[in-house]
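Undergrad: The sequence shown begins at 2 in my numbering and counts up one residue at a time.
The following block contains the structure, expressed as structure tokens.
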Amino acid sequence: MKLTSSLSIKPDEIVLPARLPLSVSTSLGVSPSFQRLHWHRALEINWITKGSGTYVINGQDYPFVEGDLFLIDSHDLHRAYEGTDLEMVIIMFEPVFLGSEYKYDHDILLPFRQMGNPLSNHISQEHPAAQQLGQYVMRMYQEYQGKGRSYASAIRGWLLLFLTEMNRSIHTGQGEQSRAVVKHLEQVRHVVQVMEAKLAYPWTLKELADEAHLSPSRFSALFCQIVGTSPMKYLVQLRIDHAVGLLEQDDLSILEIAEASGFRNLSNFNRLFLGQTGTTPSVLKRRLHGEEVQ
2 MKLTSSLSIK
12 PDEIVLPARL
22 PLSVSTSLGV
32 SPSFQRLHWH
42 RALEINWITK
52 GSGTYVINGQ
62 DYPFVEGDLF
72 LIDSHDLHRA
82 YEGTDLEMVI
92 IMFEPVFLGS
102 EYKYDHDILL
112 PFRQMGNPLS
122 NHISQEHPAA
132 QQLGQYVMRM
142 YQEYQGKGRS
152 YASAIRGWLL
162 LFLTEMNRSI
172 HTGQGEQSRA
182 VVKHLEQVRH
192 VVQVMEAKLA
202 YPWTLKELAD
212 EAHLSPSRFS
222 ALFCQIVGTS
232 PMKYLVQLRI
242 DHAVGLLEQD
252 DLSILEIAEA
262 SGFRNLSNFN
272 RLFLGQTGTT
282 PSVLKRRLHG
292 EEVQ
């Protein structure tokens with residue numbers, strides 16, 4: 002398991018804004034900090050736009066050239082060396098950025114969650130899908146730099162297209178390993194469906210683990226590996242998403258919305274809602290109903 006190879010090395014602290022837990026940047030060459038072995042909890046996409054070099058990921062060497070792409074999962078132990086004239090686009094994002102998408106597409110983060118599949122971290126520029134994938138990365142970079150209206154939504158859209166193309170063109174798990182992946186995905190799917198069906202229920206980690214017929218520790222590790230966040234954090238995200246939908250209704254108070262979404266404490270609801278959306282339930286409710294907010 003990849004996690005054990007990186008436990009002895011302290012993770013790099015990559016702080017991304019809560020309101021948009023994503024960054025898109027360019028790099029000329031490889032900075033000294035990225036030439037050492039390191040890991041981080043954020044997911045990473047690299048697109049080589051010029052030059053050459055070598056990536057070392059979990060002990061595997063990957064020489065690269067212009068047009069190549071790399072996907073780096075949470076806990077992947079990696080470092081990079083510059084060959085000549087290296088330039089790349091680097092996308093870093095927290096899995097929570099696409100957390101709500103998992104409700105509709107349980108495979109969306111599968112390109113990062115290798116789970117024993119033959120999918121490599123490296124997509125060669127010779128692969129038929131590489132050019133299209135690179136264009137998606139470029140559009141994300143342009144949106145991030147331009148920061149036009151709704152740019153965060155545009156980036157999210159291009160990222161979803163990128164991962165969809167990865168799932169369709171690159172991810173080709175087969176045989177026993179693929180069957181094991183399907184089993185794990187089905188276990189997590191079932192638990193997510195149970196969460197969605199009973200959002201207001203005061204779930205405990207053990208109860209959710211029991212739904213998957215796993216121990217709490219094994220369930221937590223599996224859920225985090227597939228979804229990108231812990232079961233309880235994902236449950237909070239589902240509840241916040243549900244609350245946003247209820248805020249569009251005129252006939253419910255904030256307290257009623259909190260209770261219907263599974264929050265037993267109004268102050269806790271306000272705090273978690275603010276942390277997740279960057280605004281309070283009352284302010285968002287006024288905005289949704291066309292009221293002017295200072």
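We put the CB at the ideal spot given by N, CA and C, even for glycine.
What residue does the alpha helix (DSSP H) around His79 start on, and which one ends it?
TA: To locate residue 79, count along the sequence shown from 1; it is residue 78. Looking at the DSSP string, His79 is not in any alpha helix (DSSP H); the run it does join, the beta strand (DSSP E), is 79-83.
Undergrad: Take Ile124 and list the residues in its own chain whose beta-carbon comes closer than 7 angstroms to its own, dropping the five residues that flank it on each side.
TA: Here residue 124 refers to the residue found at position 123 when the sequence shown is read from its first residue. These residues qualify, in order along the chain: Asp69, Leu70, Ala131, Leu134, Ile171.
Undergrad: By a C-beta neighbour count over all protein chains shown, 10 Å radius and 16 as the cutoff for buried, is Leu239 buried or exposed?
TA: Numbered from 1 along the sequence shown, position 238 holds the residue referred to as residue 239. Buried is the call here.
Undergrad: Between the segment 83-100 and the segment 42-60, are three or more C-beta pairs nearer than 8 angstroms?
TA: Segments in contact, yes.
Undergrad: Grab the span of the alpha helix (DSSP H) containing Gln136 for me, first residue to last.
TA: What you label residue 136 is simply residue 135 of the sequence shown in a count that begins at 1. Looking at the DSSP string, the run of the alpha helix (DSSP H) that includes Gln136 is 131-147.
Undergrad: Could you check where the alpha helix (DSSP H) with Glu249 kicks off and where it finishes?
TA: Position 248 of the sequence shown, counting from 1, holds the residue named residue 249. Taken as a continuous stretch (DSSP letters only), Glu249 belongs to no alpha helix (DSSP H), as it is neither H nor E.
Undergrad: Note the first and the last residue of the continuous alpha helix (DSSP H) segment covering Gln61.
TA: On the sequence shown, position 60 is the one that residue 61 refers to. Here Gln61 belongs to no alpha helix (DSSP H); instead the beta strand (DSSP E) covers 61-66.
Undergrad: Over the uninterrupted alpha helix (DSSP H) stretch that includes Tyr105, give me the two end residues.
TA: If you number the sequence shown from 1, residue 105 lands on position 104. Segment: none, Tyr105 is in no alpha helix (DSSP H) and carries neither H nor E.
Undergrad: Less than 7 angstroms between C-beta atoms, sequence neighbours within five positions excluded: which residues of the same chain meet that for Pro217?
TA: Walking along the sequence shown from the start, residue 217 turns up at place 216. Correct list, in chain order: Leu206, Lys207, Ala210.
Undergrad: In this structure, what does DSSP give as the bridge partners for Lys51?
TA: Taking the first residue of the sequence shown as position 1, residue 51 is located at position 50. DSSP output for Lys51 lists Glu88 as bridge partner(s).
Undergrad: Please list, in chain order, all residues of the same chain as His243 whose beta carbon is under 7 angstroms from its beta carbon, the five residues on each side excluded.
TA: To locate residue 243, count along the sequence shown from 1; it is residue 242. Taken in chain order, the residues that qualify are Leu200, Ser262.
Undergrad: Using beta-carbon positions only, say whether Leu212 and Val192 come within less than 8 angstroms of one another.
TA: Start at 1 with the first residue of the sequence shown, and residue 212 comes out as number 211. Start at 1 with the first residue of the sequence shown, and residue 192 comes out as number 191. Here residue 212 is Glu; the residue named in the question, Leu, does not match the sequence. Yes, the pair counts as a contact, with Cβ atoms nearer than the cut-off.
Undergrad: Do you know how far the Cα of Leu87 is from the Cα of Ser231?
TA: Residue mapping note: residue 231 aligns to position 230 of the sequence shown, counting from 1. Residue mapping note: residue 87 aligns to position 86 of the sequence shown, counting from 1. C-alpha separation (whole angstroms): 36 angstroms.
Undergrad: For Pro64, does the count of other Cβ atoms within 10 angstroms reach 16, so buried, or fall short, so exposed?
TA: Mapped onto the sequence shown, residue 64 falls at position 63. With fewer than 16 other Cβ atoms within 10 Å, it is exposed.
Undergrad: Kindly list the residues whose CB is nearer than 7 angstroms to the CB of Leu256, restricted to its own chain and excluding five residues on each side of it in sequence; keep chain order.
TA: On the sequence shown, position 255 is the one that residue 256 refers to. Within the same chain, Leu256 has close Cβ partners Leu267.
Undergrad: Looking at C-alpha atoms only, which residue of Glu102, Gly54, Lys104 is the closest neighbour of Glu83?
TA: In the sequence shown, counting from the first residue as 1, residue 83 sits at position 82. When only C-alpha atoms are compared, the closest one is Gly54.
Undergrad: Less than 8 angstroms separating the beta-carbons of Leu164 and Pro129?
TA: Within the sequence shown, residue 164 is the residue found at index 163, counting from 1. Within the sequence shown, residue 129 is the residue found at index 128, counting from 1. Taking 8 angstroms as the Cβ cut-off, Leu164 and Pro129 do not qualify as a contacting pair.
Undergrad: Which one or two residues does DSSP pair with Phe94 in a beta bridge?
TA: To locate residue 94, count along the sequence shown from 1; it is residue 93. Note: Phe94 sits in a beta bridge opposite Leu23, Leu44.
Undergrad: Buried or exposed for Tyr56, going by 16 or more other Cβ atoms inside 10 Å?
TA: Taking the sequence shown and counting its residues from 1, the one referred to as residue 56 is at position 55. Buried, because 16 or more other Cβ atoms sit within 10 Å of the Cβ of Tyr56.
Undergrad: Is the separation between the beta-carbon of Leu162 and that of Tyr137 shorter than 8 angstroms?
TA: Numbered from its first residue, the sequence shown carries residue 162 at position 161. Numbered from its first residue, the sequence shown carries residue 137 at position 136. Yes.
Undergrad: Quick check on Ser28: does DSSP put it in helix, strand or coil?
TA: Taking the first residue of the sequence shown as 1, we reach residue 28 at position 27. Ser28 falls in the strand class under three-state DSSP.
Undergrad: Do you know offhand how far Gln178's Cα is from Arg114's?
TA: Stepping through the sequence shown from its first residue, residue 178 is reached at position 177. Stepping through the sequence shown from its first residue, residue 114 is reached at position 113. Per-residue confidence for Gln178 stands at a pLDDT of 49, beneath the threshold of 50, marking its modelled position as unreliable; the derived number appears in the next sentence. Taking the straight line joining both Cα atoms gives about 13 angstroms.
Undergrad: Can you tell which of Trp204, Leu21, His39 has its C-alpha closest to the C-alpha of Asp74?
TA: To locate residue 74, count along the sequence shown from 1; it is residue 73. Here the closest residue by C-alpha is His39.
Undergrad: Where are the alpha helix (DSSP H) runs, 4 residues long or more, that stay fully inside the segment 197-232, in chain order?
TA: Runs found: 206-213, 217-228.
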